[in-house]
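Here is the structure we will look at.
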Amino acid sequence: TPGAEWWRTAVIYQIYPRSFSDSSGDGVGDLPGVTSRLADLEALGVDALWLSPFQRSPQKDAGYDVSDYCDVDPLFGTLADFDELLAQAHARGIRIIVDLVPNHSSDQHAWFQEALAARPGSRERARYLFRDGLGLDGDVPPNNWESVFGGPAWTRVVEADGTLGQWYLHLFDSSQPDFDWSNDEVREEFRRILRFWLDRGVDGFRVDVAHGLVKAEGLPDHTPDPEGGSMGGDAADVPYWGQDGVHEVYRDWNLLLAEYDGDRALCAEAWLPTPERTAQWVRPDEMHQAFNFAYLETEWDAAALRAVITASLRAFHAVGAPSTWVLSNHDVVRHASRLALTAENPQGHGIGPLSPGKPIPDVGLRRARAATTVMLALPGSAYVYQGEELGLPEVIELADDARQDPTWFRTGGERYGRDGCRVPLPWTSDAAAYGFSPTGESWLPQPAEWAVLARDAQAADEASTLSLYRSLLSSRRARHLGSGSLEWLEGLGEGVLAFRNGSITVVANASNAPVALPDGIVIASSGPLGPRTLPTDTAVWLADD
Ligand code: TEU
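Listed below in structure tokens is the structure:
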């Protein structure tokens with residue numbers, strides 16, 4: 022059947038709805054805005070769109086705090102707008118994946134409001150993780166867990182009689198209480214939510230914090246490994262990440278999706294330290310994909326890239342799943358900036374790095390284009406985050422009062438947060454807000470120097486980042502690279518990454534000297550190329566035909 026297991030090779034474009042395109046003029050992107058740009062996405066050559074949350078939400082964490090899983094937030098439009106987007110995307114052969122946030126709801130969700138109003142020990146409280154505090158007055162949190170966004174992972178509630186009462190767990194913001202996934206009512210409710218969107222025709226789900234749903238029995242204390250980075254160290258030791266019981270949930274969802282036709286897919290957002298661990302989530306009876314964050318976290322270094330690609334292909338192949346390559350998303354520093362941070366000014370990855378770092382101008386974009394040229398030649402599925410096809414950098418200079426990420430607030434500005442990768446897209450170089458919104462409004466300010474990065478300016482320029490993405494995507498499709506296989510090539514020198522996939526040879530120069538090249542270049546990540554030499558921070562596709 023055409024398109025069978027389409028997700029194995031698909032290039033999936035992440036839409037962050039609030040920053041993609043605004044049709045209403047309120048300065049926040051919306052679903053009709055996405056629909057109006059489908060022709061551009063088709064021309065770009067992507068197979069599917071993943072939409073970050075647009076469900077009803079108080080927007081404390083940009084929609085990752087859902088108050089009604091089966092409705093569209095008025096900020097983004099209506100259910101009818103969603104149906105229209107889905108129908109028009111399908112008519113163009115573009116699939117749609119929606120974000121599902123099962124680890125926690127918003128504190129404005131009806132269930133949490135009922136839980137607050139109910140007594141300790143009630144059925145209503147049992148849907149979340151309420152616990153009594155420690156100490157004589159119960160004023161010590163039930164354990165020492167910290168929120169991913171900073172500060173304690175517990176908040177104390179005021180009971181109906183006005184006294185201080187129980188605490189509830191929130192791995193993220195205090196407005197995002199964690200569900201208790203040992204509760205059958207929670208499991209049943211999410212089956213209903215999955216069916217609601219599957220019945221509407223969605224092609225799959227990106228599952229938020231997929232490694233976090235099940236917590237270790239007894240909620241034991243845990244002190245994070247300071248060296249553990251955004252993966253929290255070896256996830257096996259962390260009582261809230263990657264617990265064995267979580268796999269049962271996804272086996273159940275896998276069966277549920279299989280009742281529907283069209284190869285609906287589940288993609289796990291699971292921050293786990295190695296490709297081997299990540300592959301545990303994509304066994305044949307579980308998730309179909311899992312983001313390969315070990316790849317995202319790899320620096321622009323030939324040996325490190327080769328090691329992570331080899332380990333990923335081996336680990337995913339062993340469980341019969343494709344790898345899913347990814348370089349940017351709405352949580353990390355954009356790769357056009359991230360790849361040019363030096364040892365003197367490093368910064369963390371993952372949620373809310375300590376500092377934005379100081380990217381070396383121009384080098385970042387050159388490396389990002391080279392890194393994408395490598396990524397889109399790899400077998401498997403790839404994710405592209407909106408704006409990377411324009412080469413957008415991380416926006417570092419944001420006024421404090423413009424920032425909106427809860428990480429910023431929860432750490433009193435100590436962590437600069439994720440707003441810098443979420444700035445609304447530039448569409449038209451000479452329009453107000455670069456054509457993002459008809460009124461010139463934009464929920465985050467766009468840099469003054471972005472006119473040259475606007476889509477219309479790049480569409481007309483063969484040397485632009487947008488033109489590079491288009492060429493890579495159309496060649497990748499025509500040459501079936503997604504379903505190909507990789508063979509390493511040796512002997513081109515240290516700092517050089519070289520491999521074959523089908524009819525394509527890829528050579529990337531991550532060393533600081535030019536390297537010699539054979540003929541047959543079909544795509545180059547950047548110019549100018551010397552006579553038969555490949556400059557630093559450049560990658561090319563060569564073809565025999
Ligand atoms: O991010 C997940 C997330 O924050 C964690 O996986 C974290 O990076 C890691 O576990 C630290 O060890 C998702 C969304 O992508 C993000 O935008 C949301 O803010 C977050 O979940 C909460 O829903």
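First residue of the sequence shown? That's 22 in UniProt numbering, and the numbers climb one at a time after it.
By construction, the Cβ of each residue, glycine as well, lies at the ideal position given by its N, Cα and C atoms.
query	result
Exposed unless 16 or more other CB atoms sit within 10 angstroms - verdict on W509	exposed
Alpha carbon of S192 to alpha carbon of V517, nearest angstrom	Reading off the sequence, residue 192 comes out as Leu, not Ser. Rounded to the nearest angstrom, the two C-alpha atoms are 41 Å apart.
DSSP three-state assignment for P173, whether helix, strand or coil	strand
Delimiting residues of the beta strand (DSSP E) encompassing V528	525-530
Every unbroken alpha helix (DSSP H) within the stretch 262-335, with a cutoff of 4 residues, ordered by chain	267-279, 296-300, 314-317
Y90 versus T176: straight-line alpha-carbon distance, rounded	23 Å
Contact test: residue 569 Cβ vs the ligand TEU heavy atom, cutoff 7 Å	With the chain covering only 22 through 566, there is no way to say anything about residue 569.
Endpoints, the beta strand (DSSP E) within which W429 is located	First-last for W429: 427-431, but that is the alpha helix (DSSP H), not the beta strand (DSSP E).
Alpha-carbon to alpha-carbon, Y34 and E63	11 Å
Distance cut-off 7 Å: W302 Cβ against heavy atoms of the ligand TEU	no
Any non-hydrogen atom of the ligand TEU closer than 7 Å to H351 Cβ	yes
DSSP three-state assignment for E167, whether helix, strand or coil	strand
Exposure label - R431; buried when at least 16 CB within 10 Å	buried
Nearest-angstrom Cα separation, counted from H232 out to G263	5 Å
Complete alpha helix (DSSP H) runs within the stretch 84-138 (minimum length 4 residues, chain order)	100-112, 131-138
Whole-Å CB distance - A453 paired with G461, under 8 Å assumed	3 Å
L563 (DSSP reduced to helix, strand or coil)	strand
6 Å CB neighbourhood of G275 in its chain, flanking five on each side removed	Per the sequence shown, residue 275 should be read as Asn rather than Gly. Hits under 6 Å: D306, E307.
Test item: CB-CB of A328 and A300 under 8 Å	no
Nearest neighbour of V347, chosen from A392, D451, D383 [CA to CA]	A392
Coil, strand or helix - G503 by DSSP	helix
Expected contact under 8 Å - CB spacing of L234 and P123 to nearest Å	6 Å
Burial state of N533, where buried means 16 or more other Cβ atoms lie within 10 Å	exposed
E365 classed as buried or exposed, judged by whether at least 16 other C-beta atoms fall within 10 angstroms	Note on E365: pLDDT 48, under 50, position unreliable in the model; no value is reported.
Neighbour-count burial assignment, P552, 16 or more Cβ in a 10 Å radius	exposed
Distance, P382 Cα to E210 Cα	49 Å
Unbroken beta strand (DSSP E) run spanning F226, endpoints	225-228
Secondary structure, alpha helix (DSSP H): runs of 4+ residues fully inside the stretch 464-501	476-480, 486-499
Best match in F41, G385, D104 for proximity to S547 [C-alpha to C-alpha]	G385
Selection from G514, E409, V178, T244 that minimises the alpha carbon distance to A323	G514
Proximity winner among P556, S57, A83, relative to D352 (alpha-carbon distances)	A83
Pairwise C-alpha distance: I115 and Q109	9 Å
The beta strand (DSSP E) enclosing L190, as first and last residue numbers	185-190
C-alpha gap between R521 and L507, whole angstroms	6 Å
Per-residue DSSP class, three states only, for W389	Here residue 389 turns out to be Ala, not Trp, going by the sequence shown. Reduced to three states, the DSSP call for A389 is helix.
Touch test, the stretch 238-247 against the stretch 150-170, Cβ-Cβ under 8 Å, three pairs minimum	yes
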